[in-house]
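Counting from 1, one number per residue, gives the positions in the sequence shown under the working numbering.
Ideal Cβ positions, reconstructed from N, Cα and C, are used throughout, including at glycine.
Single-structure report; data block below.
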Amino acid sequence: MSRIGIVRDLWDYMRVRKKFWLLPILIMLTLFGILIIFTEGTVISPFIYVLF
């Protein structure tokens, strides 16, 4: 199953079951995941760790 298929299935689940409150949670988890991936081995990482 592709990543786009997972996103589509998740969207269909939220639309059918009226669980739109999950969307902000999923967006924040995705943004934190991207932040962790991009700052893992960079020079910026000490500054990011100060924020948390």
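Asked, Found
"Output the boundary residues of the alpha helix (DSSP H) element that contains residue 38.", "22-38"
"For residue 6, does the three-state DSSP call read helix, strand or coil?", "helix"
"Grab me the residues of residue 44's own chain with a C-beta within less than 6 Å of its C-beta, minus the 5 sequence neighbours each way, in chain order.", "none"
"Give a yes or no on whether the C-beta atoms belonging to residue 39 and residue 48 are separated by under 9 Å.", "yes"
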